[in-house]
(Lines of atoms letter the chains of each structure in order from A and count residues from 1; the text may use other names and numbers.)
(Lines give C-alpha, C1' and ligand atoms only; values in the text may rest on other atoms or scores of the structure.)
Protein backbone atom coordinates (compact mmCIF):
# COMPACT_ATOMS: atom_id res chain seq x y z
CA UNK A 1 0.00 0.00 0.00
CA UNK A 2 1.39 3.37 -0.92
CA UNK A 3 2.08 6.11 1.56
CA UNK A 4 -0.50 8.37 -0.08
CA UNK A 5 -3.25 5.75 0.27
CA UNK A 6 -2.33 5.15 3.92
CA UNK A 7 -2.36 8.90 4.57
CA UNK A 8 -5.86 9.34 3.09
CA UNK A 9 -7.15 6.29 4.95
CA UNK A 10 -5.90 7.61 8.28
CA UNK A 11 -7.53 11.00 7.61
CA UNK A 12 -10.86 9.38 6.79
CA UNK A 13 -10.71 7.19 9.92
CA UNK A 14 -9.88 10.26 12.04
CA UNK A 15 -12.77 12.20 10.52
CA UNK A 16 -15.22 9.35 11.18
CA UNK A 17 -13.99 9.08 14.79
CA UNK A 18 -14.43 12.82 15.36
CA UNK A 19 -17.94 12.64 13.93
CA UNK A 20 -18.85 9.63 16.09
CA UNK A 21 -17.53 11.32 19.23
CA UNK A 22 -19.30 14.63 18.57
CA UNK A 23 -22.68 13.17 17.64
CA UNK A 24 -23.60 11.98 21.18
CA UNK A 25 -22.63 15.40 22.55
CA UNK A 26 -24.98 17.09 20.08
CA UNK A 27 -27.83 14.75 21.08
CA UNK A 28 -27.16 15.32 24.77
CA UNK A 29 -27.25 19.10 24.37
CA UNK A 30 -30.50 18.81 22.45
CA UNK A 31 -32.03 16.57 25.14
CA UNK A 32 -30.98 18.85 28.01
CA UNK A 33 -32.14 22.13 26.44
CA UNK A 34 -35.67 22.04 27.98
CA UNK A 35 -34.17 21.66 31.45
CA UNK A 36 -32.27 24.96 31.14
CA UNK A 37 -35.50 26.81 31.91
CA UNK A 38 -35.07 26.51 35.69
CA UNK A 39 -31.85 28.35 36.51
CA UNK A 40 -30.42 28.85 39.97
CA UNK A 41 -30.38 32.35 41.41
CA UNK A 42 -27.98 34.02 43.82
CA UNK A 43 -29.59 35.13 47.10
CA UNK A 44 -27.53 38.34 46.98
CA UNK A 45 -29.24 39.30 43.70
CA UNK A 46 -32.75 39.00 45.18
CA UNK A 47 -34.06 42.47 46.02
CA UNK A 48 -37.21 41.41 47.90
CA UNK A 49 -39.39 38.38 48.45
CA UNK A 50 -43.09 38.97 48.98
CA UNK A 51 -45.18 36.21 50.53
CA UNK A 52 -48.97 36.14 50.10
CA UNK A 53 -50.48 34.56 53.21
CA UNK A 54 -54.16 34.51 54.21
CA UNK A 55 -55.01 37.21 51.63
CA UNK A 56 -52.31 39.52 53.00
CA UNK A 57 -48.89 40.36 51.65
CA UNK A 58 -45.72 40.41 53.76
CA UNK A 59 -42.02 40.63 53.06
CA UNK A 60 -39.87 37.59 53.87
CA UNK A 61 -37.36 37.92 56.71
CA UNK A 62 -33.62 37.42 56.20
CA UNK A 63 -33.49 33.76 57.25
CA UNK A 64 -36.76 32.95 55.48
CA UNK A 65 -35.48 34.72 52.35
CA UNK A 66 -32.35 32.56 52.25
CA UNK A 67 -34.39 29.38 52.83
CA UNK A 68 -36.83 30.21 50.03
CA UNK A 69 -33.98 30.91 47.59
CA UNK A 70 -32.30 27.62 48.57
CA UNK A 71 -35.55 25.70 48.04
CA UNK A 72 -36.08 27.42 44.68
CA UNK A 73 -32.57 26.46 43.58
CA UNK A 74 -33.12 22.83 44.66
CA UNK A 75 -36.51 22.53 42.91
CA UNK A 76 -36.82 20.09 40.03
CA UNK A 77 -38.09 21.22 36.65
CA UNK A 78 -40.93 18.99 35.42
CA UNK A 79 -42.26 20.58 32.22
CA UNK A 80 -43.11 23.87 30.57
CA UNK A 81 -46.67 25.13 30.62
CA UNK A 82 -48.33 26.93 27.74
CA UNK A 83 -50.20 29.35 30.00
CA UNK A 84 -49.69 31.34 33.19
CA UNK A 85 -51.45 30.20 36.36
CA UNK A 86 -54.39 32.59 36.96
CA UNK A 87 -53.54 32.85 40.66
CA UNK A 88 -50.15 34.49 39.95
CA UNK A 89 -49.74 37.66 42.02
CA UNK A 90 -52.64 36.76 44.33
CA UNK A 91 -51.07 33.94 46.30
CA UNK A 92 -47.75 32.21 46.69
CA UNK A 93 -44.36 33.92 46.58
CA UNK A 94 -42.89 36.70 44.42
CA UNK A 95 -39.11 37.05 44.14
CA UNK A 96 -37.96 40.39 42.75
CA UNK A 97 -34.42 40.34 41.39
CA UNK A 98 -32.00 43.25 41.08
CA UNK A 99 -32.11 42.81 37.29
CA UNK A 100 -35.81 43.72 37.25
CA UNK A 101 -36.92 40.13 36.64
CA UNK A 102 -39.70 38.60 38.73
CA UNK A 103 -40.13 34.97 39.71
CA UNK A 104 -43.64 34.06 40.83
CA UNK A 105 -44.23 30.75 42.59
CA UNK A 106 -47.84 29.61 42.89
CA UNK A 107 -49.11 26.39 44.49
CA UNK A 108 -50.73 23.80 42.25
CA UNK A 109 -51.99 20.64 43.94
CA UNK A 110 -48.92 19.08 45.62
CA UNK A 111 -46.42 20.90 43.39
CA UNK A 112 -46.19 24.46 42.12
CA UNK A 113 -45.97 26.59 39.00
CA UNK A 114 -43.15 29.04 38.48
CA UNK A 115 -43.62 32.05 36.21
CA UNK A 116 -40.54 34.02 35.25
CA UNK A 117 -41.25 37.53 34.03
CA UNK A 118 -38.03 38.77 32.53
CA UNK A 119 -37.12 42.40 31.99
CA UNK A 120 -37.17 41.83 28.21
CA UNK A 121 -40.95 41.16 28.45
CA UNK A 122 -40.46 37.41 28.03
CA UNK A 123 -42.72 35.27 30.24
CA UNK A 124 -41.92 31.61 30.91
CA UNK A 125 -44.19 29.36 32.99
CA UNK A 126 -43.31 25.85 34.07
CA UNK A 127 -44.23 23.17 36.56
CA UNK A 128 -41.69 22.35 39.28
CA UNK A 129 -41.42 20.17 42.37
CA UNK A 130 -39.71 20.46 45.76
CA UNK A 131 -41.19 18.86 48.87
CA UNK A 132 -40.31 21.59 51.41
CA UNK A 133 -41.27 24.47 49.13
CA UNK A 134 -44.50 22.65 48.24
CA UNK A 135 -45.29 22.23 51.96
CA UNK A 136 -44.52 25.91 52.62
CA UNK A 137 -46.90 26.97 49.84
CA UNK A 138 -49.61 24.60 51.10
CA UNK A 139 -49.41 26.23 54.56
CA UNK A 140 -49.86 29.66 52.95
CA UNK A 141 -53.13 28.51 51.37
CA UNK A 142 -54.50 27.77 54.81
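In the UniProt record's numbering, the protein residues as written are 1 to 142.
In this text, a Cβ means the ideal position worked out from N, Cα and C, and glycines have one as well.
query	result
If we ignore side chains and look at the alpha-carbon of each, how far apart do residue 8 and residue 2 end up?	10 Å
Let me confirm a value: residue 24 is counted as buried when at least 16 other C-beta atoms fall within 10 Å, else exposed. Which label applies?	exposed
Less than 7 Å between C-beta atoms, sequence neighbours within five positions excluded: which residues of the same chain meet that for residue 81?	113, 125, 126 and 127
What are the partner residues of residue 128, as DSSP defines its beta bridges?	77 and 112
My assumption, with CB atoms under 8 Å, is that residue 43 sits in contact with residue 69. Please give the rounded CB distance.	4 Å
Does the Cβ-Cβ distance between residue 133 and residue 83 come in under 8 Å?	no
Measure the C-alpha to C-alpha separation of residue 79 and residue 11 and round it to an integer number of angstroms.	44 Å
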